[in-house]
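Protein sequence lines correspond, in order, to chains A and B.
Under the working numbering, think of the first position of the first sequence as 2, with each following residue one higher.
Under the working numbering, think of the first position of the second sequence as 79, with each following residue one higher.
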Amino acid sequence: MKHEYIEEHGLVERYLQGTLDRAEREPFEAHFIDCPSCLEELEWAEDLRGAVRAAVAEGVLESPPSGPVRWIRWLGSLEPAPRRALIAATLAAALLLPFFAGRYQRPAAGEGPQLNTPLIYLSAVRGDELSASLQRIYLPQDRGQGRGQSLVLVLEVGSDRAPEEDGAEFGVRLRSSGGELLWESTGLFLNAAGALTLTLPPGFLEEGDYRLEVLGLGSDNKHAKLASYAFRAVSP
Amino acid sequence: MISWASLAVTGIEIGFPRDLVKEIDSQFSPSRLAEQIRSGDAEAEEELVGHFGRGIGVILRAVTRDRELAEDLYQETFRLAVEKLRQGALNDPEKLGSFLAGTARNLASDHRRRTFRRRTDTAGDTLTSLPDTAPDQLGELLRKEKAALARRVIGELENPRDREMILRFYVHEEPKPAICEDLDLTPRHFDRVLFRARQRYRKKFVERVAREGKDFTSRTGESPGEHHVFHEALAEHGKQRP
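So, in C-alpha cells, the structure goes:
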C-alpha cells in the first residue's frame with residue numbers, strides 16, 4: 002500500500018473512526034504494523050482525538066452543536082412568521098402522521114417495561130437457501146392479541162462486513178421461506194458492538210421458516226446484500 | 079531535525095517523516111524471525127514484540143476503543159501469536175505482520191462480543207458491575223495538559239467552520255461526507271484541516287516537553303516507556319538539539 006493512497010483516501014482518520022471496510026482495512030493494517038511513519042500518524046491522530054474530547058469534557062472547549070441543536074439554531078435565525086409556520090407544520094406532521102399511516106397504537110393498559118427480554122443471536126448463513134438445520138427461535142407463549150414477551154434478534158454484522166462509506170447505513174429485509182418480502186426497514190446503524198438489534202413485538206412472527214437479509218447502503222444509495230440470517234420460529 | 083517531505087498530492091502539503099521511514103531496520107526479515115521463534119529462540123520473541131508492538135497497540139485501541147482493555151489484550155495477543163508460531167502454524171512467514179494484525183483484531187473483536195453479551199444479558203446489573211474507570215491523579219493531570227493543548231490548537235484555527243468541523247468529527251463522530259455537505263466543505267479541505275491540526279498539536283506537545291522537560295514528566299507521571307506520544311516527543315526533542 003502506498004502512502005499517496007493512504008493520504009488521498011484519508012485512511013488514518015477512517016481507520017480510527019472504524020469506517021474502513023475489510024478490503025481496505027486489512028491491507029492497511031498489514032502495512033502500518035510495519036511502517037513507523039504511518040504508526041506515527043495514527044498515534045498522533047489518536048492522541049489529538051483524545052485531547053479534543055478531554056477538552057470538551059473539561060469544559061475548556063465548547064461542545065459542538067448536535068443535529069437537533071443545529072436545527073433549533075437555524076430555526077432561530079428565521080424571520081418570526083416563517084418560523085412560526087414551520088414549527089406549526091412540523092408539530093402537525095409529527096402528531097398526525099402516525100394516524101394517517103395507520104400505525105398509531107394506544108399503549109395497552111398496564112403496559113410497561115419488559116424484563117429479561119430474550120436476546121437471540123443469529124449467525125450469518127451462506128447463500129440464499131434455507132439450510133436443513135435452521136437456528137430455532139421459540140415464540141413467546143400467550144403471543145396472541147399482542148400480549149406476551151417481545152424477542153430481540155441480534156445480528157452481529159461487525160465492521161468486517163460494513164460497507165466502505167463513512168457512516169454506513171444498513172437495511173434489513175425479512176422474508177418468508179418462499180422468498181416473500183414480509184417487512185423491511187432502512188436507515189439503520191450498527192451499535193457499538195458492531196451489531197444490529199431488532200425488537201420483534203409479540204405476535205409479529207408465526208411458526209415457520211424465515212430469512213433476514215442485511216443490506217449495506219452506501220453514499221451512492223446502492224444496496225448490497227451483506228449477510229443473510231435464517232431461522233425457524235417454533236412454538237415452545 | 080525531522081524533515082517533512084511533501085508528497086505534493088494535488089498541491090496539498092501532506093508529509094511523512096521520511097527520515098523515520100529510513101530508520102526501518104533494513105535487516106529485518108519476517109521469515110527469519112518466524113523461523114527463529116519456531117525453533118524456540120526467546121530473543122526472537124522479544125524482537126517480535128519490539129518490532130510489532132506499536133502496531134498491535136494501535137489495532138487493539140482502535141477495535142476496543144478502550145486504552146486499558148487494549149493494554150490487557152496486548153500481552154494475550156503476543157502470547158497467542160507466539161504459541162502459533164512455535165507450532166509452525168504460519169503458512170507464509172512473509173505475512174507475519176498480517177498474521178499478528180489478524181490475531182489482535184480477532185482477539186479484540188471476540189472480547190468485545192463477549193462483553194456486549196454479558197452487558198445485555200445482565201441488563202439490570204450493568205450500572206453497578208462496571209469497573210471504576212476514573213483515571214488516577216497523574217493520568218488526570220496529563221489529560222488536562224492535553225486538553226489545554228487541544229484547546230489552543232482548535233482556538234488557533236481562524237475559520238469557525240474549521241473549528242466546528244473538527245469538533246463534530248472528533249466529538250460526535252459524524253461521518254466526513256455529512257460534515258462536508260453540511261458545512262459546504264470539500265473532502266480535500268476537510269483532510270487538510272485535520273492534517274494541519276494534527277501537526278500543530280504535535281508541535282505544541284513537543285515544544286511543551288522541550289520547555290518543561292523533567293518537570294513535565296514529574297507532574298504527569300509520564301515516562302518514555304509508558305506513552306508512545308511522549309516517547310516520540312522526547313525523541314523528536316532530542317533530534318532537534320544542535
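Even glycine gets a Cβ: it sits at the ideal position worked out from N, Cα and C.
Check, Outcome
"Continuous alpha helix (DSSP H) stretch holding arginine 143/B: start and end", "Here arginine 143/B belongs to no alpha helix (DSSP H), and DSSP marks it neither H nor E."
"Straight-line gap, proline 302/B to phenylalanine 130/B (C-alpha atoms, nearest Å)", "Reliability fails at proline 302/B, whose pLDDT of 36 lies under 50, so the model's placement of it is uncertain and the value that follows must be treated cautiously. Spanning the two alpha carbons is a distance of roughly 18 Å."
"Nearest-angstrom Cα separation, counted from leucine 120/A out to glutamine 150/A", "11 Å"
"Rounded Cβ spacing between glutamate 231/B and lysine 282/B (contact assumed at less than 8 Å)", "It should be noted that the sequence gives valine, not glutamate, for residue 231/B. Contact holds; Cβ gap of about 6 Å."
"Coil, strand or helix - valine 231/B by DSSP", "helix"
"Segment limits, alpha helix (DSSP H) that includes leucine 245/B", "238–248"
"Three-state secondary structure (DSSP) of isoleucine 115/B", "helix"
"Closest by C-alpha distance to valine 124/B, when choosing among Ala186/B, Leu111/B, Gly135/B, Arg278/B", "In the sequence on display, residue 124/B carries glutamate and not valine. Of Ala186/B, Leu111/B, Gly135/B, Arg278/B, the residue nearest in Cα terms is Leu111/B."
"Straight-line Cα distance separating cysteine 36/A from isoleucine 102/B", "Confidence is the limiting factor: at isoleucine 102/B the pLDDT is only 49, short of 50, which leaves the residue's position unreliable, though a coordinate-based value still follows. About 8 Å."
"Glycine 180/B, DSSP secondary structure in three states", "helix"
"Interface flag, aspartate 199/B vs chain A, CB-CB below 8 Å", "At aspartate 199/B the pLDDT is 46, less than 50, meaning the model places this residue with poor confidence; the figure from the coordinates comes in the next sentence. Yes, aspartate 199/B counts as interfacial toward chain A."
"Given leucine 263/B as reference, the closest of Ser187/B, Arg289/B, Met243/B, Asn184/B once Cα atoms are compared", "Met243/B"
"Cβ neighbours of histidine 305/B in the same chain (closer than 6 Å, five flanking residues each side left out)", "The pLDDT assigned to histidine 305/B is 49, lower than 50, so where the model puts this residue is not dependable, and the model offers no usable value."
"Under 8 Å from the C-beta of alanine 275/B: neighbouring residues of chain A", "Leu49"
"Cβ distance (whole Å) where phenylalanine 33/A is taken to contact leucine 43/A below 8 Å", "6 Å"
"Leucine 201/A, enclosing beta strand (DSSP E) - first and last residue", "197–201"
"Alpha carbon of histidine 267/B to alpha carbon of alanine 228/B, nearest angstrom", "20 Å"
"Alanine 24/A beta carbon less than 8 Å from that of serine 176/B", "no"
"Residues of the region 236–252 of chain B with Cβ closer than 8 Å to any Cβ of chain A, in chain order", "Glu242, Ile244, Leu245, Arg246, Phe247, Tyr248, Val249, His250, Glu251, Glu252"
"Proximity of alanine 225/B and glutamate 63/A at Cβ, strictly below 8 Å", "no"
"Sub-8 Å separation of alanine 125/A and tyrosine 230/A beta-carbons", "yes"
"Proximity of phenylalanine 29/A and leucine 49/A at Cβ, strictly below 8 Å", "no"
"For leucine 263/B, three-class secondary structure by DSSP", "coil"
"Sub-8 Å separation of arginine 133/B and leucine 183/A beta-carbons", "The sequence as given places glycine at residue 133/B; arginine does not occur at that position. Against a cut-off of 8 Å, the Cβ pair of leucine 183/A and glycine 133/B comes out as no contact."
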